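Asker: Residue numbers (the working numbering), protein chains in the order written: chain A, 72 to 154; chain B, 694 to 834. C-beta: ideal position from N, C-alpha, C; glycine also. Predicted model only: the values in this text are computed from it and were never measured.
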Amino acid sequence: MSLMINYVIATFTSPENIGTNPQSLFWLLPLAAAISIGYKATKLSEIKAGSFFKDVVGLFGSIVGFMAITALVLYAITWLATK
Amino acid sequence: MAKPRLSKNNHTLILLIVGLLGWLIPGAGYFFLNEKKRAIIIFVTLLLIFGAGLYIGSIGVIDPYGSWPWYIAQVMFSPLVMILGHYVSAGGFPVYGKPAEIGQIYTGIAGLLNLLCIIKSVYLAHLYRIETDGGQNVADD
């Protein structure tokens, strides 16, 4: 049992291997999902599975969509400035 | 039949209890107000995102001295983070690069989301009182 506890603690004492590459941007997705769930859980007057899921998906889509548009605009500005 | 009426002191005490419970355990403030579904969703979501941050960046991302602005946000998750911060500052756990960045963002956002939940649960507790008293106390207080 103590071996298992030590193993679990050990997994939290050293960082994971994440490179600085475009794929690492996908780490924003779990965070955006958590923000959407957490925010909608406080915002809705009544929590019902169907409407809650719909609202969470809507907010998640808006966050990711807005960030994608921002990225495209910044990319376009960089391209125009450096061509 | 007359509805139970809370005194101003009791009301303040309840708001304080809701706030402190929400800080001690994410979602506990809502649980106290009998908003169980909301409490469970908040508890699971925030615990997962905070745990993920610690797993990705290591517990070294909780750094009261080296990155105190993030630490303030992380402490909003729970006072237990302060104990962890004390333990980490004595340990010298490795933390670097992209994982540290992601870990700090995840744990910091978890803390700030919990702050939002605490504020909303305290406000909900305040609204419950107004509903119980039929709006009388708004003018009284």
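Using a Cβ-Cβ cut-off of 7 Å (strictly less than) and excluding sequence neighbours within five positions of Phe-724(B), which residues of its own chain qualify?
Answerer: Hits under 7 Å: Ala-732.
Asker: Alpha carbon to alpha carbon, how far is Lys-701(B) from Leu-806(B)? Give it in angstroms, no decimals.
Answerer: Approximately 29 Å between the Cα atoms of the pair.
Asker: Less than 8 Å between CB atoms is the rule here; does Gly-109(A) satisfy it with respect to chain B?
Answerer: At least one chain B Cβ lies under 8 Å of Gly-109(A).
Asker: Alpha carbon to alpha carbon, what distance is there between Gly-109(A) and Val-820(B)?
Answerer: The sequence shown places Leu at residue 820(B), not Val. Going from the Cα of Leu-820(B) to the Cα of Gly-109(A) covers about 21 Å.
Asker: Ser-751(B) touches chain A at which residues, Cβ-Cβ below 7 Å?
Answerer: Phe-83, Thr-84, Ser-85, Pro-86, listed in chain order.
Asker: Can you tell me whether Asp-126(A) is helix, strand or coil according to DSSP?
Answerer: The answer is helix: DSSP assigns Asp-126(A) an H, G or I state.
Asker: Looking at chain A, is there any beta carbon in it that lies within less than 8 Å of the beta carbon of Leu-820(B)?
Answerer: Leu-820(B) does not count as touching chain A.
Asker: Pull up the CB-CB distance for Pro-757(B) and Ser-782(B), whole angstroms please, since I reckon it's below 8 Å.
Answerer: The Cβ separation is near 6 Å, so the contact holds.
Asker: Within the segment 729 to 813 of chain B, note down every full beta strand (DSSP E) run reaching 3 residues or more, in order along the chain.
Answerer: Here no run is fully enclosed.
Asker: When burial is assigned at 16 or more other CB atoms within 10 Å of the CB, is Phe-171(A) buried or exposed?
Answerer: Because chain A is modelled from 72 through 154, residue 171(A) falls outside the range shown and cannot be assessed.
Asker: Using a beta-carbon distance below 8 Å, is Thr-738(B) in contact with chain A?
Answerer: At least one chain A Cβ lies under 8 Å of Thr-738(B).
Asker: Please classify Leu-739(B): is it buried, with 16 or more other beta-carbons within 10 angstroms of its beta-carbon, or exposed?
Answerer: Classification of Leu-739(B): buried, given that the 10 Å Cβ count is 16 or more.
Asker: So Thr-24(A) is in the alpha helix (DSSP H); what residue range does that whole segment cover?
Answerer: Residue 24(A) is absent from the structure shown; chain A starts at 72 and stops at 154.
Asker: Can you tell which of Ile-752(B), Gly-784(B), Leu-714(B), His-704(B) has its C-alpha closest to the C-alpha of Gln-797(B)?
Answerer: Looking at the Cα atoms, Ile-752(B) is the closest of the given residues.
Asker: Below 8 Å on the Cβ atoms is my guess for Ala-105(A) versus Ile-811(B); work out the distance and round it to an integer in Å.
Answerer: 17 Å between Cβ atoms; not a contact.
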